[in-house]
Amino acid sequence: MAESQHEQVLFIDFTLADSNRNGELNRDETKSVPVLYEHFDAIDTNRNDSITGDEVIEFMANWRKTHEGKMLH
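Using the numbering used here, the first residue of the sequence shown is number 3, and each one after it goes up by one.
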């Protein structure tokens, strides 16, 4: 799966996991999206116990820079 496709799937997963539709995911909501659950602390850069779409985008950009050519699992 190409990176952009992987990111699109992650965005869809993020949206579906947002059970209260507040645009953020708490740790419990990320349990249905293993990659977000496993990297929750790294994604939650402002340490407010929730992650936003912007934080996920920033995490993915940083991941690409440091793991060129590798997929996020």
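Each residue gets a CB set at the ideal place from its N, CA and C atoms; glycine is no exception. As the structure is a computational prediction, the values presented were derived from the model and not from experiment.
Can you list, in chain order, the residues of its chain with a C-beta nearer than 7 angstroms to that of residue i? Leave out the 5 residues immediately preceding and following it.
i, result
"Met3", "Confidence is the limiting factor: at Met3 the pLDDT is only 46, short of 50, which leaves the residue's position unreliable, though a coordinate-based value still follows. Within the same chain, Met3 has no close Cβ partners at all."
"Glu9", "Met62"
When the Cα of residue i is compared with those of the options, which residue comes out closest?
i, options, result
"Ala19", "His8, Thr32, Val11 and Gln7", "Thr32"
"Thr47", "Phe61, Glu9 and Lys67", "Phe61"
"Phe13", "Arg66, Val37 and Thr68", "Val37"
Closer than 8 angstroms by C-beta to residue i: which residues in its own chain qualify, once you throw out the five before and the five after it? Chain order, please.
i, result
"Ser34", "Asp15, Leu18 and Ala19"
When burial is assigned at 16 or more other CB atoms within 10 Å of the CB, is residue i buried or exposed?
i, result
"Val58", "buried"
Would you mind reading off the limits of the alpha helix (DSSP H) that contains residue i?
i, result
"Glu60", "Gly55 to Thr68"
"Glu40", "Pro36 to Glu40"
Between which two residues does the beta strand (DSSP E) harbouring residue i extend?
i, result
"Asn28", "Glu26 to Asn28"
Next on the checklist: Across the segment 20-29 and the segment 44-58, are there enough close Cβ pairs to call them in contact, namely three or more that are closer than 8 angstroms?
Outcome noted: yes
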